[in-house]
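**Student:** Mind looking over this structure? Questions follow.
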Amino acid sequence: MRKRLTVALGAALLAGSLGFYSFRNDDRFFEIARNLDIYATLFKELNLYYVDELNPNRMVKNSIDAMLKSLDPYTNFFAEDEIEDYMTMTTGRYNGIGALIGSRQGRSIVMMIYEGTPAEKSGLQIGDEIIKVDGVDIKTRRDLDSDKLLRGQTNTAVKLTVKRFGAKDPIDLSVTRDVVKMTNVPYYGMITNEVGYIDLKDFTGTASREVRNAFVELKGKGMKKLVLDVRENPGGLLNMAIDIANIWLPRESEIVTTKGKVTEWNKTYTALNPPLDLEIPIVVLTNSRSASAAEIVSGVIQDYDRGVLVGQLTYGKGLVQTTRELSYNTKLKITTAKYYIPSGRCIQAIDYSHRNPDGSVGKIPDSLKTAFKTKAGRPVFDGGGVTPDVPVEPITPAPIAISLTNKGLIFDYAIKYRHDHPTIKPAREFSLTDAEFQDFVSWLKDKEYDYTTQVEKELGTLEASAKKEKSFDQIQDQLKALRTKLSHSKDVDLVTFKGELKTLLEQEIVGHYYLQKGMKEISFATDPEVKAALDLFKDMNRYQSILKGKP
Numbered sequence: 139m140r141k142r143l144t145v146a147l148g149a150a151l152l153a154g155s156l157g158f159y160s161f162r163n164d165d166r167f168f169e170i171a172r173n174l175d176i177y178a179t180l181f182k183e184l185n186l187y188y189v190d191e192l193n194p195n196r197m198v199k200n201s202i203d204a205m206l207k208s209l210d211p212y213t214n215f216f217a218e219d220e221i222e223d224y225m226t227m228t229t230g231r232y233n234g235i236g237a238l239i240g241s242r243q244g245r246s247i248v249m250m251i252y253e254g255t256p257a258e259k260s261g262l263q264i265g266d267e268i269i270k271v272d273g274v275d276i277k278t279r280r281d282l283d284s285d286k287l288l289r290g291q292t293n294t295a296v297k298l299t300v301k302r303f304g305a306k307d308p309i310d311l312s313v314t315r316d317v318v319k320m321t322n323v324p325y326y327g328m329i330t331n332e333v334g335y336i337d338l339k340d341f342t343g344t345a346s347r348e349v350r351n352a353f354v355e356l357k358g359k360g361m362k363k364l365v366l367d368v369r370e371n372p373g374g375l376l377n378m379a380i381d382i383a384n385i386w387l388p389r390e391s392e393i394v395t396t397k398g399k400v401t402e403w404n405k406t407y408t409a410l411n412p413p414l415d416l417e418i419p420i421v422v423l424t425n426s427r428s429a430s431a432a433e434i435v436s437g438v439i440q441d442y443d444r445g446v447l448v449g450q451l452t453y454g455k456g457l458v459q460t461t462r463e464l465s466y467n468t469k470l471k472i473t474t475a476k477y478y479i480p481s482g483r484c485i486q487a488i489d490y491s492h493r494n495p496d497g498s499v500g501k502i503p504d505s506l507k508t509a510f511k512t513k514a515g516r517p518v519f520d521g522g523g524v525t526p527d528v529p530v531e532p533i534t535p536a537p538i539a540i541s542l543t544n545k546g547l548i549f550d551y552a553i554k555y556r557h558d559h560p561t562i563k564p565a566r567e568f569s570l571t572d573a574e575f576q577d578f579v580s581w582l583k584d585k586e587y588d589y590t591t592q593v594e595k596e597l598g599t600l601e602a603s604a605k606k607e608k609s610f611d612q613i614q615d616q617l618k619a620l621r622t623k624l625s626h627s628k629d630v631d632l633v634t635f636k637g638e639l640k641t642l643l644e645q646e647i648v649g650h651y652y653l654q655k656g657m658k659e660i661s662f663a664t665d666p667e668v669k670a671a672l673d674l675f676k677d678m679n680r681y682q683s684i685l686k687g688k689p
């Protein structure tokens with residue numbers, strides 16, 4: 139009798155729970171339907187009675203964007219007219235001319251030209267101001283997007299009218315559009331006779347092939363040690379991160395596991411291919427803008443003790459996005475899972491809504507971190523990015539350097555220098571003489587580039603606090619004297635920070651002659667992370683001790 143009662147009671151509880159689940163599910167669907175109806179009714183009333191004419195596409199797009207913003211920064215909606223941008227983001231390809239156009243004081247300026255593209259072949263130069271596209275004066279048409287005007291079908295020509303420094307009259311150029319491929323590896327080469335360098339800047343569909351090809355070529359040139367640079371890399375396709383990690387890890391090694399609400403989508407990804415090299419010493423360079431797929435590659439290399447990480451704490455994006463097709467050729471990129479690297483840690487920042495100005499997650503309390511271990515037993519932690527094995531403090535630019543860069547004066551002087559000097563030495567050999575730097579200083583005499591130092595900002599805060607607390611009258615003479623003493627002199631700063639400014643000028647000038655590759659090659663001599671990597675490679679006992687957990 140008791141057994142029957144237990145069975146009957148269990149059945150009743152099961153039926154009750156199913157009924158409750160059904161009720162909760164129906165209730166949720168009702169709330170969704172109710173709110174969608176409210177939204178449609180509200181939109182209808184706005185369209186009928188609002189005092190001004192409304193743009194329905196823009197209104198709905200803004201409302202969708204606001205809704206998704208409340209979730210996380212990576213769940214995004216792409217309207218039909220944004221699909222081309224979406225495809226460029228995922229494939230790295232677009233139909234155009236291969237130039238980066240920037241806006242400065244209402245002018246469309248060529249900021250960079252990519253190697254081997256129609257823009258380079260046509261003779262377009264960095265610093266050219268585009269004033270007409272196919273005869274349309276873009277200076278008088280603020281409603282036109284000059285960058286989109288330059289895009290178009292392959293083998294179609296676009297006529298550009300540009301104003302060039304030193305040229306008396308505008309110049310007409312005809313550029314034949316083509317498929318422009320933004321490379322994932324914009325530069326690779328040998329830093330020394332033994333140390334190779336691969337600059338990995340993206341994870342679009344050809345990233346793995348580009349890294350593999352670069353690695354094989356560098357080994358053919360005698361590379362015995364590798365610097366893999368994933369600084370400033372925002373991430374991209376998950377499968378590319380898996381394939382790239384596989385280059386230096388054995389087949390069937392666990393690379394990453396994804397876990398989300400839809401359990402059927404949870405999966406552990408392993409290395410599928412034979413590795414290219416299991417022995418070569420590797421240093422991976424990271425910074426606060428190394429994110430997502432870049433963090434998978436660097437984190438996996440760290441978890442397997444396959445290489446040493448040098449630089450700064452990474453961004454902290456441990457979320458996986460999936461693209462869903464919507465109606466009317468629109469798309470939703472939605473966060474569907476978190477990823478976990480072999481040690482078991484998720485590098486997702488605990489709070490991704492509050493970051494430092496440089497994008498970093500800042501210091502996370504130890505109480506919020508969980509400890510994990512690498513294959514060799516080294517402690518590693520979750521909670522916000524991948525921590526480098528060898529930290530390198532990021533360079534804090536001098537206020538005068540920030541001002542000259544933001545005002546475009548470093549860029550403008552490079553344009554002038556290119557005009558005055560038809561050729562220069564190869565990038566690695568180029569340097570400005572003291573006389574040339576003094577010419578730059580003289581050129582600045584009539585330029586506006588005032589700035590406020592950090593100490594002056596803090597003094598201003600102190601004065602404001604003193605006024606608020608009504609103690610300003612008693613200390614205003616001392617504050618005035620201190621301000622006079624601390625007040626910066628541009629002439630003094632040009633001398634004090636000559637080395638930093640000279641480096642910025644040299645890199646910008648080289649870029650105008652040798653494009654991205656030249657800017658990378660000239661940076662090796664002053665790049666603190668590259669210098670730290672080379673120092674580590676000179677001391678292989680230290681390198682090995684770090685991997686064994688004995689730095």
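Residue 139 is where the sequence shown starts when you use this note's numbering, and the numbers rise one by one after that.
We put the beta carbon where it would ideally sit given N, CA and C, even for glycine.
1) Residue range of the alpha helix (DSSP H) that Tyr600 falls in?
2) Could you name the residues that DSSP lists as bridge partners for Phe303?
3) Would you mind reading off the limits of the beta strand (DSSP E) that contains Glu267?
4) Mapping the DSSP letters down to three states, classify Tyr159 as helix, strand or coil.
5) What residue range is occupied by the uninterrupted beta strand (DSSP E) comprising Gly240?
6) For Glu463, report the span of its beta strand (DSSP E) as first-last.
7) Please name the residue in Leu238, Asp307, Thr294 and Ala663 whose C-alpha comes closest to that of Lys640.
8) Compare the Cα-Cα distances from Ala552 to each of Ile329, Arg566 and Glu646 and report the closest residue.
9) If you follow the alpha helix (DSSP H) that Glu222 is in, where does it begin and where does it stop?
10) What runs of the alpha helix (DSSP H), each 4 residues or longer, lie entirely inside the region 312-381?
11) Leaving aside the five residues before and after Trp386 along the sequence, list all residues of the same chain whose C-beta is less than 8 Å from its C-beta, in chain order.
12) Which of helix, strand or coil does DSSP assign to Ile684?
13) Would a C-beta distance cut-off of 8 Å place Arg315 and Gly343 closer than the cut-off?
14) For Asn322, which option in Lys363, Val400 and Arg231 has the closest C-alpha, if you only look at C-alpha atoms?
15) Restricting to Cα atoms, I'd like to know which of Asp307, Met320, Thr229 and Val189 is closest to Gly254.
16) So, under 8 Å CB-CB, Gln459 and Thr468 are touching, yes? Tell me the CB distance rounded to an integer number of Å.
17) Mind checking which residues open and close the alpha helix (DSSP H) that includes Ser661?
18) Start and end of the beta strand (DSSP E) containing Ala487?
19) Would Gly240 pass as a contact of Ile247 if the rule is Cβ separation under 8 Å?
20) Quick one: which unbroken beta strand (DSSP E) runs of 3-plus residues sit fully inside the region 430-457? Chain order, please.
21) How is the beta strand (DSSP E) around Arg245 delimited, first residue to last?
22) Would you kindly check if the distance between the Cβ of Leu288 and the Cβ of Ile221 is under 8 Å?
23) Buried or exposed for Arg172, please, with buried defined as at least 16 other CB atoms from any protein chain shown within 10 angstroms of its CB.
24) For Met378, which residues of its own chain have a beta-carbon under 6 Å away from its beta-carbon, when the five flanking residues on both sides are left out?
25) Go ahead and pull the three-state DSSP assignment for Tyr551.
26) Please state whether DSSP places Thr561 in a helix, a strand or coil.
27) Which residue comes first and which comes last in the alpha helix (DSSP H) that contains Asn200?
28) Within its chain, find whatever has a CB closer than 8 Å to the CB of Asn293; leave out the 5 residues flanking it on each side and keep chain order.
29) Measuring alpha carbon to alpha carbon, tell me which residue in Glu370, Leu356 and Asn371 is nearest Leu364.
30) Taking all protein chains shown into account, do 16 or more other C-beta atoms lie within 10 angstroms of the C-beta of Ser481, making it buried, or fewer, making it exposed?
31) What residues in its chain sit with their C-beta under 7 Å from that of Lys585, if we drop five residues either side in the sequence?
32) Using the three-state DSSP reduction, which class does Thr179 fall into: helix, strand or coil?
33) DSSP three-state label for Leu174, please.
34) Identify which residue in Cys484, Lys688, Lys471 and Lys669 has its Cα closest to the Cα of Thr330.
35) What do you reckon, are the CB atoms on Thr452 and Ser428 nearer than 8 Å?
36) Taking Gly334 as the reference, which of Glu348, Val354 and Val318 has the closest Cα?
**Tutor:** In this structure, then:
1) Working through the sequence shown from its first residue, we reach residue 600 at position 462. Sequence inspection shows Leu at residue 600; the Tyr mentioned does not correspond to that position. Where Leu600 is concerned, the enclosing alpha helix (DSSP H) stretches over Gln592 to Lys606.
2) Position 165 of the sequence shown, counting from 1, holds the residue named residue 303. Answer is none; Phe303 lacks a bridge partner.
3) As a first step, residue 267 is located in the sequence shown; it is residue number 129 there, counting from the start. Glu267 -> beta strand (DSSP E) spans Glu267 to Val271.
4) If you number the sequence shown from 1, residue 159 lands on position 21. Because the pLDDT at Tyr159 is just 47, under 50, the model does not fix this residue reliably, and the value given afterwards should be weighed accordingly. Note: Tyr159 maps to helix in three-state DSSP.
5) The count along the sequence shown starts at 1 and reaches residue 240 at position 102. From DSSP, the beta strand (DSSP E) with Gly240 extends over Ala237 to Arg242.
6) As a position in the sequence shown, residue 463 is number 325, starting the count at 1. Looking at the DSSP string, the run of the beta strand (DSSP E) that includes Glu463 is Leu457 to Glu463.
7) Start at 1 with the first residue of the sequence shown, and residue 640 comes out as number 502. With distances taken between Cα atoms, Lys640 lies closest to Ala663.
8) Indexing the sequence shown from 1 puts residue 552 at position 414. Nearest neighbour of Ala552 by Cα position, chosen from Ile329, Arg566 and Glu646, turns out to be Glu646.
9) Reading the sequence shown from its first residue, position 84 is the one you call residue 222. Run containing Glu222: Ile221 to Thr229, per the alpha helix (DSSP H) assignment.
10) 345-358
11) Counted from its first residue, the sequence shown places residue 386 at position 248. Excluding sequence neighbours, Trp386 sits near Pro413, Leu414, Asp415, Leu416, Ile418, Ile420, Ile439, Arg444 and Gly445.
12) Counting from one through the sequence shown, the residue named residue 684 turns up at place 546. The answer is helix: DSSP assigns Ile684 an H, G or I state.
13) Taking the sequence shown and counting its residues from 1, the one referred to as residue 315 is at position 177. Taking the sequence shown and counting its residues from 1, the one referred to as residue 343 is at position 205. Not a contact, by the Cβ cut-off of 8 Å.
14) The residue you call residue 322 lines up with position 184 of the sequence shown. Checking every option, the nearest Cα to that of Asn322 belongs to Arg231.
15) Here residue 254 is taken as the residue at index 116 of the sequence shown, counted from 1. If we check each option's Cα against that of Gly254, Met320 comes out closest.
16) As a first step, residue 459 must be located in the sequence shown, where it is residue number 321. As a first step, residue 468 must be located in the sequence shown, where it is residue number 330. So it is not a contact: roughly 16 Å between Cβ atoms.
17) For the purposes of this step, residue 661 is identified with residue 523 of the sequence shown, where counting begins at 1. From DSSP, the alpha helix (DSSP H) with Ser661 extends over Lys636 to Ser661.
18) For this step, residue 487 is matched to residue 349 along the sequence shown. No beta strand (DSSP E) holds Ala487; DSSP gives it neither H nor E.
19) Within the sequence shown, the letter at position 102 stands for residue 240. Within the sequence shown, the letter at position 109 stands for residue 247. Taking 8 Å as the Cβ cut-off, Gly240 and Ile247 qualify as a contacting pair.
20) Whole beta strand (DSSP E) segments, 3+ residues: 446-449.
21) In the sequence shown, residue 245 corresponds to position 107, counting from 1. Per DSSP, Arg245 belongs to the beta strand (DSSP E) from Arg245 to Ile251.
22) Within the sequence shown, residue 221 is the residue found at index 83, counting from 1. Within the sequence shown, residue 288 is the residue found at index 150, counting from 1. No, these two residues do not count as a Cβ contact at 8 Å.
23) One-based indexing of the sequence shown puts residue 172 at position 34. Classification of Arg172: exposed, given that the 10 Å Cβ count is below 16.
24) Mapped onto the sequence shown, residue 378 falls at position 240. The residues are Phe341, Ala345 and Ser346.
25) Here residue 551 refers to the residue found at position 413 of the sequence shown. Helix, per DSSP.
26) For the purposes of this step, residue 561 is taken as the residue at position 423 of the sequence shown. In the three-state reduction of the DSSP assignment, Thr561 falls in the coil class, being assigned neither a helical nor a strand state.
27) Taking the first residue of the sequence shown as 1, we reach residue 200 at position 62. Run containing Asn200: Pro194 to Lys207, per the alpha helix (DSSP H) assignment.
28) For this step, residue 293 is matched to residue 155 along the sequence shown. Hits under 8 Å: Thr314, Arg315 and Asp316.
29) For the purposes of this step, residue 364 is identified with residue 226 of the sequence shown, where counting begins at 1. Considering only alpha carbons, the answer is Leu356.
30) The residue labelled residue 481 in the question sits at position 343 within the sequence shown. Answer is buried; the Cβ neighbour count reaches 16.
31) The residue labelled residue 585 in the question sits at position 447 within the sequence shown. Excluding sequence neighbours, Lys585 sits near Leu547.
32) For the purposes of this step, residue 179 is identified with residue 41 of the sequence shown, where counting begins at 1. Of the three classes helix, strand and coil, the one that applies to Thr179 here is helix, per DSSP.
33) As a working note, residue 174 is residue 36 in the sequence shown. DSSP places Leu174 in helix when its eight states are reduced to three.
34) In the sequence shown, residue 330 corresponds to position 192, counting from 1. Selected option, being the one with the closest Cα: Lys669.
35) Indexing the sequence shown from 1 puts residue 452 at position 314. Indexing the sequence shown from 1 puts residue 428 at position 290. Taking 8 Å as the cut-off, the beta carbon of Thr452 is found closer than this to the beta carbon of Ser428.
36) Along the sequence shown, one-based indexing puts residue 334 at 196. Here the closest residue by C-alpha is Val354.
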